[in-house]
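Written below as structure tokens is the structure these notes are about.
In the numbering used here, the protein residues as written are 1 to 454.
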């Protein structure tokens with residue numbers, strides 16, 4: 001096949017290259033595709049069959065037997081959608097990353113033979129890097145993907161609807177960007193390019209990123225909509241469809257990325273002198289370290305605290321005391337007697353629980369850090385603070401105004417309805433980490449500020 005002109009349209013050039021592919025090229029692609037299929041299928045199988053054993057392990061280790069039935073009912077009725085989402089994420093993202101990290105030598109061979117058959121770079125010098133360098137650069141891409149995904153997580157976590165939509169769009173763009181870099185890189189690396197230089201070129205070509213995302217990322221994402229079906233047998237069937245669609249997309253991305261990367265090499269002629277600026281590397285590692293420290297501390301605190309779910313609690317009647325808290329607030333102090341019947345030590349780290357009603361801060365509950373050894377029975381202090389200066393004062397003033405305008409019966413009814421409206425409450429648990437106070441949103445108000453006067 002004669003070398004194509006630089007002005008040759010992309011799609012015709014790709015089709016001619018596919019027709020010119022020889023048997024050995026198809027053999028490398030099929031070998032890579034079979035192993036990729038095995039990895040994707042194994043990932044889907046683990047994600048699908050691993051849920052029930054994990055649930056059972058958590059129930060047996062951290063909940064008393066009398067609570068198992070209730071916990072299973074809550075999982076089935078309130079966590080089923082989140083579990084399906086986790087299965088989809090594990091299969092789609094985890095499988096794609098495993099294929100990239102584990103099969104990069106085969107991906108390189110399948111791309112190289114296809115590039116030779118296409119003759120798109122027949123008169124260009126090949127400078128293939130050693131496999132160890134390719135492996136290190138694949139790991140670097142994995143770190144970059146983790147940092148970008150962390151950025152998306154922090155943008156959407158706990159934010160309003162606008163931030164959540166922004167994070168969702170950013171997540172799809174990150175997947176498209178990573179897919180583009182990963183499958184353009186083999187052809188460019190064979191001509192002296194480093195991953196950081198490939199990233200710079202991809203950033204300059206947003207149209208290529210969008211095209212890759214739509215052609216090879218979007219089909220798999222759209223296929224996940226099939227997983228909305230609730231029946232277990234349909235979930236298994238749909239996972240098979242998802243794996244097949246994702247595999248077809250990755251196969252198409254491999255050869256398409258080879259031609260796209262080779263065309264960039266011909267256009268630019270030689271790698272740019274510089275890759276990404278040092279600030280980009282510092283930001284990438286800084287974000288990864290920040291996220292690891294935050295989520296790692298939360299995971300450790302949760303793991304150490306989970307045995308508390310199986311502990312027995314009782315209030316010590318003589319320990320009640322009511323006093324002045326911070327500012328003009330009230331502080332209710334008491335002691336809890338805790339019996340730890342488990343064979344594991346239970347530890348509660350320093351934290352606070354914030355209660356907000358209709359956007360007004362009402363109260364904070366605090367438990368001082370404590371540890372209850374396995375089999376021990378101990379007493380530990382606790383405190384509950386009411387914020388009389390802000391939230392409660394505002395509620396009281398509103399009730400007084402209602403009384404003056406509409407009478408005590410209407411004011412009492414309005415106050416009672418507001419206090420019993422569970423959708424107006426937001427309860428947030430704050431856990432300290434080495435870098436921040438991490439919020440865990442136990443409940444969120446459906447209509448923040450709904451109770452305020454217009």
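Note that beta-carbon positions come from the ideal geometry of N, C-alpha and C, so glycine has one too.
All values derive from a computational prediction rather than experimental measurement.
Whole-Å CB distance - residue 311 paired with residue 339, under 8 Å assumed: Contact flag correct, Cβ pair sits at about 6 Å.
Length of the line joining the Cα atoms of residue 356 and residue 323: The C-alpha of residue 323 is placed about 22 Å away from the C-alpha of residue 356.
Three-state class that DSSP yields for residue 439 in the structure shown: In this structure, residue 439 counts as strand in the three-state DSSP scheme.
Check whether residue 298 and residue 438 have beta carbons under 8 Å apart: Residue 298 is a Cβ neighbour of residue 438, given a cutoff of 8 Å.
Contact the segment 162-181 vs the segment 108-122: 3+ CB pairs below 8 Å: Taking 8 Å as the limit for Cβ pairs, the verdict is that the segment 108-122 does not touch the segment 162-181.
Inter-residue Cα distance where the pair is residue 16 and residue 255: Distance between the alpha carbons of residue 16 and residue 255: 12 Å.
Enclosing beta strand (DSSP E) for residue 339 [first to last residue]: That run of the beta strand (DSSP E) goes 330-339.
Residue 146 and residue 104 closer than 8 Å at C-beta: No; because the gap between Cβ atoms is not below 8 Å, this pair is not in contact.
Rounded Cβ spacing between residue 343 and residue 374 (contact assumed at less than 8 Å): Between residue 374 and residue 343 the Cβ distance is about 5 Å, and since that is below 8 Å, they are a contact.
Whether residue 381 touches residue 335 by CB criterion (8 Å): In contact: residue 381 and residue 335 (Cβ atoms closer than 8 Å).
Check whether residue 190 and residue 126 have beta carbons under 8 Å apart: Judged by beta-carbon spacing, residue 126 lies within the 8 Å limit of residue 190, meaning their Cβ atoms are closer than that value.
Through-space distance from residue 267 to residue 261, alpha-carbon basis: Annotation: residue 261 to residue 267 spans about 10 Å, alpha carbon to alpha carbon.
Opening and closing residue of the alpha helix (DSSP H) in which residue 57 lies: 51-62 is the extent of the alpha helix (DSSP H) around residue 57.
Whether residue 184 touches residue 257 by CB criterion (8 Å): With a cutoff of 8 Å on beta-carbon distance, residue 184 and residue 257 are scored as near each other.
At least 3 beta-carbon pairs within less than 8 Å: the segment 62-71 vs the segment 129-143: By the Cβ test, the segment 62-71 is not in contact with the segment 129-143, since fewer than three Cβ pairs between them sit closer than 8 Å.
Host alpha helix (DSSP H) of residue 348 (start-end): Membership of residue 348 in any alpha helix (DSSP H) is not indicated; the residue belongs instead to the beta strand (DSSP E) covering 346-348.
Within the segment 205-265, ranges of the alpha helix (DSSP H) (whole runs, at least 4 residues): The segment 205-265 contains these whole alpha helix (DSSP H) runs: 206-212 and 218-223.
Exposed unless 16 or more other CB atoms sit within 10 angstroms - verdict on residue 179: Under this definition residue 179 is a buried residue.
Residue from 49, 13, 296 and 307 with nearest C-alpha to residue 434: Of 49, 13, 296 and 307, the residue nearest in Cα terms is 296.
Under the three-state DSSP convention, the category residue 377 falls into: Strand, per DSSP.
Among 158, 289 and 428, the one whose alpha carbon lies nearest that of residue 144: Between residue 144 and the set 158, 289 and 428, the nearest pair of CA atoms involves 289.
C-alpha gap between residue 216 and residue 175, whole angstroms: For residue 216 and residue 175, the distance between alpha carbons rounds to 10 Å.
Cβ-Cβ distance between residue 97 and residue 142 below 8 Å: Taking 8 Å as the Cβ cut-off, residue 97 and residue 142 qualify as a contacting pair.
Other residues of its chain near residue 354: CB distance less than 6 Å, five sequence neighbours each side excluded: Once the five neighbours on either side are set aside, the close Cβ partners of residue 354 are 364 and 428.
Proximity winner among 27, 316 and 221, relative to residue 238 (alpha-carbon distances): Minimum Cα distance to residue 238 is reached at 221.
Beta-carbon proximity of residue 14 to residue 165, cut-off 8 Å: At least 8 Å separates the beta-carbon of residue 14 from that of residue 165.
Of the residues 276, 137 and 332, the one placed nearest residue 457, counting alpha carbons only: Residue coverage of the chain in this structure runs from 1 to 454, which leaves residue 457 outside it and unanswerable.
Whole-angstrom distance between residue 301 and residue 211, CA atom to CA atom: Approximately 43 Å between the Cα atoms of the pair.
Cβ neighbour criterion (16 or more within 10 Å) applied to residue 314: So residue 314 counts as exposed.
Below-8 Å beta-carbon distance, residue 27 vs any chain D residue: Included in the structure is just one protein chain, with no chain D present.
Three-state secondary structure (DSSP) of residue 306: Here residue 306 carries a helix assignment [DSSP, helix/strand/coil].
Cβ neighbour criterion (16 or more within 10 Å) applied to residue 162: With a 10 Å radius around the Cβ and a threshold of 16 neighbouring Cβ atoms, residue 162 comes out exposed.
Alpha-carbon to alpha-carbon, residue 194 and residue 182: Going from the Cα of residue 182 to the Cα of residue 194 covers about 12 Å.
Contacting residues, own chain, Cβ-Cβ under 7 Å from residue 306 (five flanking each side not counted): Within the same chain, Cβ atoms closer than 7 Å to the Cβ of residue 306 are found at 62, the five residues on either side in sequence being excluded.
For residue 333 and residue 321, believed in contact at Cβ under 8 Å, the rounded distance: Indeed, because the Cβ distance is near 5 Å, the residues count as touching under 8 Å.
Three-way DSSP call (helix, strand, coil) for residue 174 in this model: Under the three-state reduction of DSSP output, residue 174 falls in the helix class.
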